[in-house]
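The structure appears below as structure tokens.
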Amino acid sequence: MLFNGKDLPLRFRKDDVMSLDFHGLSADELPLTLFKLALKGGGVGEAAAEKLAGEKIKDREALFSALRDATLRALKMERAAQKRRQDEYTAWRTGWYVARALGTHQDYPQRP
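When we follow this note's numbering, the leftmost residue of the sequence shown carries the number -16, and every step to the right adds one.
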């Protein structure tokens, strides 16, 4: 993601976002805090994320656009993970019913 003339990896991690206290942040602090989280999730170190977030942001619309794109990527990844888990469960369940019909369901692995 090109931001302020730099190519930055922006990615949200679920654990970081879930641990964030949204109510404790003001409207001015929230975009920069989210920007730091997206940088951290993208593999930028803590100190580098602080430095980049501390730089004067030339275009706030670019910041919001970058955060929106990172959010959409995180949402797509989360949905793909949910679908993968659902598909794994469906495959396990189908196999369990087949094993049950054959009378070998006691030997079938536990539910994922």
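Idealized CB from N, CA, C, for every residue including glycine.
Closest by C-alpha distance to residue i, when choosing among the options
i: T73; options: A10, P95 and L20; result: P95
i: G78; options: L46, R67 and Y91; result: Y91
i: V0; options: L50, K66 and Q69; result: L50
Residue i versus residue j: straight-line alpha-carbon distance, rounded
i: Y80; j: E71; result: 14 Å
i: K(-3); j: H88; result: 36 Å
i: A45; j: S9; result: 20 Å
i: L3; j: W75; result: 35 Å
i: R56; j: G25; result: 12 Å
i: M60; j: R68; result: 12 Å
i: L13; j: E29; result: 17 Å
i: V27; j: L15; result: 15 Å
i: K19; j: L(-9); result: 11 Å
C-beta contact flag for residue i and residue j at 8 Å
i: L(-7); j: A21; result: yes
i: F(-5); j: A53; result: yes
Residue range of the unbroken alpha helix (DSSP H) whose run includes residue i
i: R83; result: R43 to L85
i: P14; result: E12 to G24
i: V27; result: It is not in any alpha helix (DSSP H) - V27 carries neither H nor E in the DSSP assignment.
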